[in-house]
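> Protein chains in written order, with numbering that gives the first Met the number 0: chain A, 0 to 222; chain B, 0 to 249.
From the three backbone atoms N, C-alpha and C, an ideal C-beta is built for every residue, glycine too.
Remember, predicted model here, so these are calculated numbers, not experimental data.
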Amino acid sequence: MNRVDQPTADDVILDLLIDGVEPTHENLVVAIAAYPQHRDALVAFFANLAVQTALKDEPAPSDCSVEQFANIGVSRVLVRRHEEPGQTSTDIDDTSGEIEIKSMPPRLSQLIRARGLTEDEVAVRVGLDAGLMMKLDRRRIVGRRPLEMFRRIAGEIRLPPAHVIASATGAPIPSSRGNLRKAKGPIKIETETFEVAINASTLSADLKAFWLRQLADSDEPAV
Amino acid sequence: MRAAPLMCFRKSGERYTRHQAVENEIALALDMPHTVWCDQSWRIETLVHLIRLRRRDNDPHVLGILTYQFFERVKPIVNRWSRGYGPADSEEIQISVANELGDLLNEAPPSRTAEYLEVDAATVVKQATLRAIGPGRPKAQAFQSADRDEDGQYTPIVERLASEELNAEEHLLAEEEDEAGGALRYLNAVTDPRHREAFILRHIYNWPLKDGPDGVPTLCEKFKPVSERQIRNWINTAIEQMREAHGEES
Numbered sequence: 000m001n002r003v004d005q006p007t008a009d010d011v012i013l014d015l016l017i018d019g020v021e022p023t024h025e026n027l028v029v030a031i032a033a034y035p036q037h038r039d040a041l042v043a044f045f046a047n048l049a050v051q052t053a054l055k056d057e058p059a060p061s062d063c064s065v066e067q068f069a070n071i072g073v074s075r076v077l078v079r080r081h082e083e084p085g086q087t088s089t090d091i092d093d094t095s096g097e098i099e100i101k102s103m104p105p106r107l108s109q110l111i112r113a114r115g116l117t118e119d120e121v122a123v124r125v126g127l128d129a130g131l132m133m134k135l136d137r138r139r140i141v142g143r144r145p146l147e148m149f150r151r152i153a154g155e156i157r158l159p160p161a162h163v164i165a166s167a168t169g170a171p172i173p174s175s176r177g178n179l180r181k182a183k184g185p186i187k188i189e190t191e192t193f194e195v196a197i198n199a200s201t202l203s204a205d206l207k208a209f210w211l212r213q214l215a216d217s218d219e220p221a222v
Numbered sequence: 000m001r002a003a004p005l006m007c008f009r010k011s012g013e014r015y016t017r018h019q020a021v022e023n024e025i026a027l028a029l030d031m032p033h034t035v036w037c038d039q040s041w042r043i044e045t046l047v048h049l050i051r052l053r054r055r056d057n058d059p060h061v062l063g064i065l066t067y068q069f070f071e072r073v074k075p076i077v078n079r080w081s082r083g084y085g086p087a088d089s090e091e092i093q094i095s096v097a098n099e100l101g102d103l104l105n106e107a108p109p110s111r112t113a114e115y116l117e118v119d120a121a122t123v124v125k126q127a128t129l130r131a132i133g134p135g136r137p138k139a140q141a142f143q144s145a146d147r148d149e150d151g152q153y154t155p156i157v158e159r160l161a162s163e164e165l166n167a168e169e170h171l172l173a174e175e176e177d178e179a180g181g182a183l184r185y186l187n188a189v190t191d192p193r194h195r196e197a198f199i200l201r202h203i204y205n206w207p208l209k210d211g212p213d214g215v216p217t218l219c220e221k222f223k224p225v226s227e228r229q230i231r232n233w234i235n236t237a238i239e240q241m242r243e244a245h246g247e248e249s
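#1: Using CA atoms only, rank isn't needed, just tell me which of 219/B, 37/B, 240/B and 42/B is closest to residue 19/B.
#2: Just the Cα atoms here: how many angstroms apart are residue 158/A and residue 113/A?
#3: Can you tell me whether DSSP reads residue 190/A as helix, strand or coil?
#4: Give every residue of the same chain whose Cβ lies closer than 7 Å to the Cβ of residue 31/A, excluding the five residues on either side of it in the sequence, and list them in chain order.
#5: For residue 83/B, which residues of its own chain have a beta-carbon under 6 Å away from its beta-carbon, when the five flanking residues on both sides are left out?
#6: Out of 112/B, 103/B, 98/B and 81/B, state which residue places its alpha-carbon closest to the alpha-carbon of residue 10/A.
#7: Report the neighbours of residue 231/A on chain B: residues whose CB is nearer than 7 Å to its CB, in chain order.
#8: Can you list, in chain order, the residues of its chain whose CB lies under 6 Å from that of residue 172/A, leaving out five sequence neighbours each side?
#9: Going by Cα to Cα distance, which pick from 155/A, 35/A, 141/A and 36/A is closest to residue 189/A?
#10: Helix, strand or coil for residue 136/B, going by three-state DSSP, please let me know.
#11: Residue 196/B touches chain A at which residues, Cβ-Cβ below 9 Å?
#12: Report the residues of the segment 156-170 of chain A with a CB closer than 8 Å to any CB of chain B, ordered along the chain.
#13: At the 8 Å Cβ level, is residue 134/A part of the contact set with chain B, yes or no?
#14: Can you give me the C-alpha to C-alpha distance between residue 161/A and residue 63/B, rounded to a whole angstrom?
#15: Does the beta-carbon of residue 187/B have 16 or more other beta-carbons within 10 angstroms, so that it is buried, or is it exposed?
#16: Within 8 Å (strictly less), CB to CB, does residue 222/A reach chain B?
#17: So with Cβ pairs under 8 Å, would you call residue 134/B a contact of chain A?
#18: In whole angstroms, give me the CA-to-CA distance for residue 135/A and residue 237/B.
#19: Out of 148/A, 118/A and 81/A, state which residue places its alpha-carbon closest to the alpha-carbon of residue 206/A.
#20: Could you tell me whether the segment 198-217 of chain A touches the segment 120-129 of chain A, using the rule of 3 or more Cβ pairs below 8 Å?
#21: So, at 7 Å on beta carbons, what are the nonlocal neighbours of residue 15/A in its own chain, with the 5 sequence-adjacent residues on each side left out?
#22: State buried or exposed for residue 24/A, treating a residue as buried only when at least 16 other CB atoms are found within 10 Å of its CB.
#23: Pick from 52/B, 133/B and 213/B: whose alpha carbon is nearest that of residue 80/B?
#24: Taking the straight line between their C-alpha atoms, what separation do you get for residue 53/A and residue 204/B?
#25: Would you call residue 119/B buried or exposed, if buried means 16 or more other Cβ atoms sit within 10 Å of its Cβ?
#26: Are the CB atoms of residue 51/B and residue 5/B nearer to each other than 8 Å?
#27: Would residue 69/A be called buried (16 or more neighbouring beta carbons within 10 Å of its own) or exposed?
#28: Using a Cβ-Cβ cut-off of 6 Å (strictly less than) and excluding sequence neighbours within five positions of residue 34/A, which residues of its own chain qualify?
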């Protein structure tokens, strides 16, 4: 990709940062004279850079943790990747009508079993039921899902939550290849939101309420 | 095996090039199975390239772990360039940066900014953070103080500095920073980020308050619709809080 004659505000600001610009008012005026179309972005950039350059270190604010920050980023990358055309893990084979899995990533159930546990055991420990674990394993729960759920599962299998998010995100996995062979047309795999899945679960009313509250506080983006 | 060359150009017309150490790391990675990439320690720029390679296949597992490592590594850079805000604004900034960086990692073909992540990731993270701060922070409608605690109570930074929450090592580091920082170290004692910003722009970077040559940005324009008098009051409040901090210290 070559440089274009009309650089975007991002291009201009990146060039300023690469050149190590000092956020002086004089430099701001020069930049605006060169790129008047990006005046507002330049004013905001110079002001923010000026403040951040002047500020010395201070006690760390109680903002989001490294784990939370990283999990948000991981979710974003996986969601964007999943949204792209052609980025599904299942394809229809025209000759047989059969759904073939191109490449099977580690599933949640595989991660759990690798720790010598069963899905049912982990479900009980984290406050879910077997049906919910099955749906997570087959990536049938889409939309917003609480980070707390991934944290709890990750804690049980001693992996970072990003591993669990990665395993539970992507194109839904069919239940049975045998049933798919009987289908005449393309198979549409049913998915549901976390809220619907919780309400349809066998969990107690208290646990259902707990997870729905977690969902309300969730910062994992929709998938 | 070597990485494909980058496609974008610098302002000077030179093509982007990765640091030689990054090229070496990528060549090393390409000679090993991708399943062991997560067990290595890579430079941030190398991680960006490996993440982009893993996006092309259907295995989100290694992609997820490499991406997690990338975000772990860039978090301190985000912290450095988003100082001076309360918990709510800080969290909002960090979520925004995480999402923007996630988008940059996914861009195909990458923009100049996205591709520069493989040249100098810290500069792009700094840019994303400064953009996430935006022109209107802290959010005026939500503003009470930069330092609300969980109960919404106001806790000035100077009080936090004096509290017992700081451990000895942090306190020592803070003192060293103070010694290096001269009078500017008192900026952290200004409790309202808008007052601090007005002071910094006016007294450190010489922004005109109201009347400048035609087209020149002014503080009144920056903080519109706040009046000139109000901005003067903000600056005076900032100076007063810095004086108090100086008095407490001495």
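The short version:
#1: 42/B
#2: 11 Å
#3: coil
#4: 38 and 41
#5: 192
#6: 112/B
#7: No statement about residue 231/A is possible, as the shown extent of chain A runs from 0 to 222 and does not include it.
#8: 137 and 138
#9: 141/A
#10: coil
#11: 46, 47, 49 and 50
#12: 159, 161, 162, 164, 165, 166, 168 and 169
#13: no
#14: 6 Å
#15: buried
#16: Residue placement at residue 222/A is flagged as unreliable, the pLDDT there being 43, under the threshold of 50; the coordinate-derived value follows with that caveat. It does not: the Cβ of residue 222/A has no partner Cβ on chain B nearer than 8 Å.
#17: yes
#18: 52 Å
#19: 148/A
#20: yes
#21: 30
#22: buried
#23: 133/B
#24: 10 Å
#25: buried
#26: no
#27: buried
#28: 11
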